[in-house]
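Asks:
Protein chains: 2
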Amino acid sequence: MDTLHPTSRTTVKRLPKRGVYDREEINRILDEGFICHVGFVVDGQPFVIPTGYGRDGHFLYIHGSAVSRMLRNLKEGVEVCVTVTLVDGLVLARSAFHHSFNYRSVVIFGKAALVEDETEKMAALRTFTNHIIPNRWEEVREPNEPEMKGTLVLALPISEASAKIRVGPPVDDDEDYALPVWAGVIPLSLEAGTPIDDPKLTPGIEPSLALRNYTRKPNQA
Amino acid sequence: MDTLHPTSRTTVKRLPKRGVYDREEINRILDEGFICHVGFVVDGQPFVIPTGYGRDGHFLYIHGSAVSRMLRNLKEGVEVCVTVTLVDGLVLARSAFHHSFNYRSVVIFGKAALVEDETEKMAALRTFTNHIIPNRWEEVREPNEPEMKGTLVLALPISEASAKIRVGPPVDDDEDYALPVWAGVIPLSLEAGTPIDDPKLTPGIEPSLALRNYTRKPNQA
Chain A
7 MDTLHPTSRT
17 TVKRLPKRGV
27 YDREEINRIL
37 DEGFICHVGF
47 VVDGQPFVIP
57 TGYGRDGHFL
67 YIHGSAVSRM
77 LRNLKEGVEV
87 CVTVTLVDGL
97 VLARSAFHHS
107 FNYRSVVIFG
117 KAALVEDETE
127 KMAALRTFTN
137 HIIPNRWEEV
147 REPNEPEMKG
157 TLVLALPISE
167 ASAKIRVGPP
177 VDDDEDYALP
187 VWAGVIPLSL
197 EAGTPIDDPK
207 LTPGIEPSLA
217 LRNYTRKPNQ
227 A
Chain B
7 MDTLHPTSRT
17 TVKRLPKRGV
27 YDREEINRIL
37 DEGFICHVGF
47 VVDGQPFVIP
57 TGYGRDGHFL
67 YIHGSAVSRM
77 LRNLKEGVEV
87 CVTVTLVDGL
97 VLARSAFHHS
107 FNYRSVVIFG
117 KAALVEDETE
127 KMAALRTFTN
137 HIIPNRWEEV
147 REPNEPEMKG
157 TLVLALPISE
167 ASAKIRVGPP
177 VDDDEDYALP
187 VWAGVIPLSL
197 EAGTPIDDPK
207 LTPGIEPSLA
217 LRNYTRKPNQ
227 A
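Line order of the protein sequences matches chains A and B.
The opening residue of the first sequence carries number 7 in the numbering used here; numbering runs sequentially from there.
The opening residue of the second sequence carries number 7 in the numbering used here; numbering runs sequentially from there.
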């Protein structure tokens with residue numbers, strides 16, 4: 007088990023039993039998700055921007071346009087906090103206080119650096135595309151030179167990171183279990199619908215089986 | 007139409023045609039969502055924490071525990087950026103470059119202030135609970151005194167805010183439309199499953215129709 011060393015920033019302080027530092031578990035969450043919230047600071051002010059991402063090994067790749075405000079003056083990397091959150095359910099208790107969510111989240115701290123080498127950048131964009139739609143990169147036109155120039159890619163090492171997970175039924179105070187209130191979990195999940203053809207699609211081209219059965223859920227092997 | 011005045015922070019700079027400043031549209035997004043990402047700064051370091059929220063009029067209420075690291079020394083309010091993101095679909099173009107997401111997001115900047123008045127705090131907690139599950143507050147045990155003391159609630163005015171929205175099919179370069187690649191949108195939505203009884207549920211208590219038909223989608227009136 008590859009366990010990340012918790013730092014003062016990644017140690018889960020509130021409800022510490024929900025903290026997870028195992029890299030495999032962290033990667034599973036990162037691989038199921040595909041939208042992160044990137045936090046950065048400009049003149050002391052926090053910004054939080056949603057953006058897509060991809061993971062390759064111990065690196066998370068994000069589109070730099072999200073933090074383009076920051077990149078003007080920073081060549082050596084941008085201090086960021088990247089958070090990925092998967093919501094699995096609403097936890098309904100018998101008291102307002104014990105209502106909660108079932109969720110899995112990952113928080114990564116570190117410096118996101120601009121990927122400048124062209125080969126590495128192309129590989130990062132492939133990772134990014136295929137993280138969201140497996141094998142899509144191999145089907146579509148690759149970026150040309152002006153598109154490559156117009157795209158910023160940032161790499162963030164997944165080293166200072168932690169996950170937080172809540173699962174299971176509500177936990178009520180002993181004396182509340184007798185209350186005549188329904189309690190339990192409403193499961194939530196992100197579901198894909200039937201692919202919608204581009205109105206300009208060339209007649210006769212069908213979405214692949216993989217696109218028609220698109221899901222973010224990992225294979226239950 | 008109640009239009010918010012864009013500031014330097016809320017003006018959508020990248021793809022400005024996606025920027026929306028209409029309060030009704032912003033509220034619709036905030037009301038469909040229920041998880042926000044709160045960004046704040048400690049010693050120059052950005053933090054991004056996912057947490058639940060509720061909206062009442064021109065205020066967003068969030069659980070203060072999310073930013074409890076910050077609240078120790080700050081009585082006058084915490085400078086935050088709160089972002090709510092709804093993902094509506096994957097946009098598959100014929101070129102890697104033009105892949106995108108359909109989404110609706112809101113970004114709010116401002117000072118989140120601790121709600122200290124007990125009556126206001128109880129009302130905020132009611133808003134918070136009922137935002138996530140309509141009328142739940144009226145069915146469950148209200149917070150008692152120790153629970154109230156153990157709960158921090160922050161209020162953030164929804165005044166410096168903007169939304170960003172992308173809808174519709176991919177937009178490809180003219181010369182790419184002839185490529186033999188499927189293009190279109192894979193719709194995504196957060197779906198609720200069948201409520202799962204708490205294993206300790208008193209036999210005979212059923213979830214209400216509202217819980218069995220739980221959805222975040224607004225009524226199509």
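Ideal Cβ placement from N, Cα and C applies to all residues, glycine included.
Please read these numbers as outputs of a predicted model, since none were measured by experiment.
Compare the Cα-Cα distances from Asp-94(A) to each of Gly-199(B), Ile-211(B), Leu-207(B) and report the closest residue.
Replies: For Asp-94(A), the nearest C-alpha among the options comes from Gly-199(B).
Asks: Among the candidates Val-88(B), Gly-156(B), Gly-25(B), whose CA atom is the shortest distance from the CA of Thr-57(B)?
Replies: The shortest C-alpha separation from Thr-57(B) is found at Val-88(B).
Asks: Just by C-beta distance, which residues in the region 134 to 161 of chain B are closer than 9 Å to chain A?
Replies: Residues passing the 9 Å Cβ filter: Phe-134, Thr-135, Ile-138, Ile-139, Arg-142, Trp-143, Glu-145, Val-146, Arg-147, Glu-148, Pro-149, Asn-150, Glu-153, Met-154, Gly-156, Thr-157.
Asks: Between which two residues does the alpha helix (DSSP H) containing Phe-65(A) stretch?
Replies: Phe-65(A) -> not in any alpha helix (DSSP H); beta strand (DSSP E) instead, spanning 65 to 69.
Asks: Starting from Arg-29(A), trace the alpha helix (DSSP H) in both directions and tell me its first and last residue.
Replies: Note, Arg-29(A): alpha helix (DSSP H), 29 to 38.
Asks: Would you mind working out which of Gly-63(B), Pro-152(B), Ala-130(B), Ala-169(B) sits nearest Val-26(B), comparing C-alpha positions?
Replies: Comparing Cα-Cα distances from Val-26(B) to each of Gly-63(B), Pro-152(B), Ala-130(B), Ala-169(B), the minimum goes to Ala-169(B).
Asks: Could you list the residues in the region 53 to 72 of chain A with a C-beta less than 8 Å from some C-beta on chain B, going in chain order?
Replies: Hits within the stretch, in order: Phe-53, Val-54, Ile-55, Pro-56, Gly-58, Ser-71.
Asks: Using 8 Å as the Cβ pair cut-off and three pairs as the minimum, do the region 192 to 209 of chain A and the region 184 to 203 of chain B touch?
Replies: Because the criterion of three Cβ pairs below 8 Å is met, the region 192 to 209 of chain A and the region 184 to 203 of chain B touch.
Asks: At a CB-CB cut-off below 9 Å, which residues of chain B make contact with Ile-41(A)?
Replies: Within 9 Å Cβ-Cβ: Thr-91, Val-93, Phe-107, Tyr-109.
Asks: Of all the CB atoms in chain A, is at least one closer than 7 Å to the CB of Lys-117(B)?
Replies: No, Lys-117(B) lies away from the interface with chain A (no Cβ there is under 7 Å from its Cβ).
Asks: Beta-carbon separation of Val-159(B) and Lys-127(B) under 7 Å?
Replies: Taking 7 Å as the Cβ cut-off, Val-159(B) and Lys-127(B) qualify as a contacting pair.
Asks: Of all the residues that make up the region 25 to 41 of chain A, which are near chain B by a beta-carbon distance shorter than 7 Å?
Replies: Result list: Ile-41.
Asks: On the CB-based measure, 16 or more other CB atoms within 10 Å of its CB, does His-137(B) come out buried or exposed?
Replies: Label assigned to His-137(B): buried.
Asks: Kindly list, in the order they appear in chain B, the residues whose Cβ is closer than 7 Å to that of Leu-96(A).
Replies: In chain order: Ile-138, Ile-139.
Asks: Under 7 Å between C-beta atoms, does Pro-22(A) make it to chain B?
Replies: It does not; no Cβ of chain B falls within 7 Å.
Asks: Name the residue from Phe-65(A), Arg-110(A), Glu-122(A), Gly-63(A) whose alpha carbon lies nearest to the alpha carbon of Lys-155(A).
Replies: When each option's Cα is compared against that of Lys-155(A), the closest is Glu-122(A).
Asks: Report yes if the C-beta distance between Ile-55(B) and Val-44(B) is below 7 Å; otherwise report no.
Replies: A contact, by the Cβ cut-off of 7 Å.
Asks: Can you grab the Cα-Cα spacing for the pair Val-113(B) / Leu-162(B), in whole Å?
Replies: Using only the alpha carbons, I get a separation of about 12 Å.
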